[in-house]
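Structure, as structure tokens:
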Amino acid sequence: MTLEQFTRNEGQLARQYQYDDSAVLAVDFGGHEIEATVDLVDDTVIVVADDQQYEFDLPDGADDAHTFMKNGVLTVELEGDL
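In this note's numbering, the protein residues as written are 1 to 82.
Right, here's the structure in full:
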């Protein structure tokens with residue numbers, strides 16, 4: 001599932017910020033009251049939020065990725081030739 005499909009189908013608000021050699025993806029899962037965890041397996045971001053699992057693939061060219069959740073917002077920091 002791509003990020004665009006994920007947000008369109010599930011109704012989450014998502015933004016992508018592009019920089020010279022990096023990018024940041026941010027997805028709002030609905031506030032701090034949601035219990036969510038995030039994991040990165042190979043090139044796939046996996047989020048478990050309130051007994052629902054969401055997955056999306058990192059963009060081609062992403063060499064390094066860091067993920068974290070804070071107040072219901074998933075942030076994925078990407079480095080590489082995006």
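Virtual Cβ for every residue (Gly too), placed ideally from N, Cα, C. Since we're looking at a predicted model, the values are computed, not measured.
Given a cut-off of 8 Å on the beta-carbon distance, is the pair residue i and residue j in contact?
i, j, result
"V27", "A36", "no"
Secondary structure at residue i, three-state DSSP: helix, strand or coil?
i, result
"G80", "strand"
"L58", "coil"
"Y19", "coil"
"F68", "strand"
Can you list, in chain order, the residues of its chain whose CB lies under 6 Å from that of residue i, leaving out five sequence neighbours each side?
i, result
"T44", "E55 and D57"
"G61", "G80, D81 and L82"
"F68", "T75"
Using 10 angstroms around the beta-carbon of residue i, count the other beta-carbons present and answer buried if the total reaches 16, otherwise exposed.
i, result
"L40", "exposed"
"L25", "buried"
"L74", "buried"
Which same chain residues, not among the five before or five after residue i, have their C-beta less than 8 Å away from its C-beta?
i, result
"S22", "E77, L78, E79, G80 and L82"
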